[in-house]
Amino acid sequence: MDRLLHWSIANAQGDKEAAAKAGAPDPKLLQQLFGGGPDEPALMREAMAVITNPEATVENKLVAFDNFEMLIENLDNANNIENLRLWAPLIGVLESKEEQLRECALSVVGTAVQNNEKSQNNFLKHDGAMKKIIELARTDSESPQVRTKAFYALSNLVRHNKDASALFVDNGGLEIMTPALKHQEASEKMKIRALALLTSVLTSVSVDEKFLDRIREDKILEASLEHLVPSANPYLIDRVLNLLALLKGSGAKFDADELTKIRESFATLRPVKDQLNEDDYNAVKEMLD
């Protein structure tokens, strides 16, 4: 960079001797500074070409995934995944034998569809894609990192999207909640992601008696309340409180046994009250008063 600065000053002053002494700048550096390189859609294609190249090393594929995800953090680039026909190869990586690649693919899906209805709907065009992610979240033999990323991707797919939530439920998505919440070896992060997924579903489904019966039948509410204890991670407690507040705000009616359990669990939270989300804490308190 210093050589480029010296060369540009000498060149601007017409000092050929000084310019020659400084040496000509690297053409690649000039290209990076002043444009003329590949545009972002081209970079996305190039990254996916590496990711799907059977001859590329896992290390190079991971670098390509990092580059791809950085690009699709931009909304226009995320929407361009469909235009560039890159959804199919990306979804294909979900079946990779390499755990790290499955994790990266899930992360990219989650980032691309986050608060992005257009990309959510583009993803839904691919038959079986939602089910693949549900199965990755469900499978006990899958790594915690992959399962956590699967919950992340699902949460962003269904949030404020009725079609995605309906497809999630139709493919047995609710059935993955309780095992994740009750799994002895599941990380707190995965449980937090699982509860985040459930609250995302609530943003786009009708919380009627049929839905409540379903989450009772699958013991989702029961499994969630097990984490309403002062020894739990405060973020996990917050997720449960947020779930209860959202259910109540949606018009849900808890039965007597559920209210008793909620009341007993809630009473134990007083010592950690200051660590919790004030709005959700007060919403549940008001519900119980």
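Take the sequence shown: its letter number 207 is residue 425 in this note's numbering, and every next letter is one higher. All C-beta atoms in this analysis are idealised placements derived from N, C-alpha and C, irrespective of residue type, glycine included. Nothing here was measured: the structure is a model prediction, and the numbers come from that model.
Hey, residue i and residue j are a contact pair by Cβ (cut 8 Å); roughly how many whole angstroms apart?
| i | j | result |
| --- | --- | --- |
| Leu-446 | Phe-484 | 7 Å |
| Ile-410 | Arg-356 | Contact flag wrong, Cβ pair sits at about 17 Å. |
| Pro-448 | Thr-421 | Not a contact, Cβ separation roughly 28 Å. |
| Thr-396 | Ala-441 | 4 Å |
| Ala-260 | Phe-286 | The pair is not a contact, with the Cβ atoms about 12 Å apart (cut-off 8 Å). |
| Ser-509 | Ser-418 | There is no way to answer for residue 509, as the model of the chain reaches only from 219 to 507. |
| Glu-335 | Asn-379 | 6 Å |
| Ala-501 | Lys-466 | 7 Å |
Mind checking residue i: buried by the 16 CB within 10 Å criterion, or exposed?
| i | result |
| --- | --- |
| Ala-474 | exposed |
| Val-276 | exposed |
| Glu-504 | exposed |
| Leu-477 | exposed |
| Met-288 | exposed |
| Gly-391 | buried |
| Glu-406 | exposed |
| Asn-298 | buried |
| Arg-303 | exposed |
| Arg-377 | buried |
| Glu-427 | exposed |
| Ala-347 | buried |
| Ala-306 | exposed |
| Ala-267 | exposed |
| Lys-279 | buried |
| Glu-435 | exposed |
| Asp-439 | The question names Asp, but residue 439 is Leu in the sequence shown. Counting Cβ neighbours within 10 Å, Leu-439 comes out buried, since at least 16 surround it. |
| Glu-321 | buried |
Would you identify the three-state DSSP class for residue i, choosing helix, strand or coil?
| i | result |
| --- | --- |
| Lys-349 | helix |
| Leu-416 | helix |
| Asn-297 | helix |
| Pro-448 | coil |
| Thr-329 | helix |
| Ala-470 | coil |
| Ala-463 | helix |
| Leu-494 | coil |
| Arg-356 | helix |
| Leu-222 | Note that Leu-222 has pLDDT 48, beneath the 50 cutoff, so the model's placement of it is unreliable and the number below is only indicative. Reduced to three states, the DSSP call for Leu-222 is helix. |
| Thr-270 | coil |
| Asp-475 | helix |
| Lys-409 | helix |
| Thr-275 | coil |
| Leu-308 | helix |
| Ser-302 | Note that residue 302 is Leu in the sequence shown here, rather than Ser. Correct three-state label for Leu-302: coil. |
| Gln-338 | helix |
| Val-425 | coil |
| Asp-507 | coil |
| Asn-500 | helix |
| Ser-314 | coil |
| Gly-390 | coil |
| Thr-396 | helix |
Please confirm whether residue i and residue j have their CB atoms less than 8 Å apart.
| i | j | result |
| --- | --- | --- |
| Phe-341 | Val-364 | no |
| Asp-492 | Ala-463 | no |
| Ala-282 | Ser-337 | no |
| Ser-325 | Lys-367 | yes |
| Leu-399 | Leu-461 | no |
| Val-490 | Pro-452 | yes |
| Leu-319 | Val-331 | no |
| Val-425 | Ser-383 | no |
| Ala-371 | Ile-351 | yes |
| His-344 | Ile-309 | yes |
| Leu-494 | Leu-459 | yes |
| Leu-506 | Arg-488 | no |
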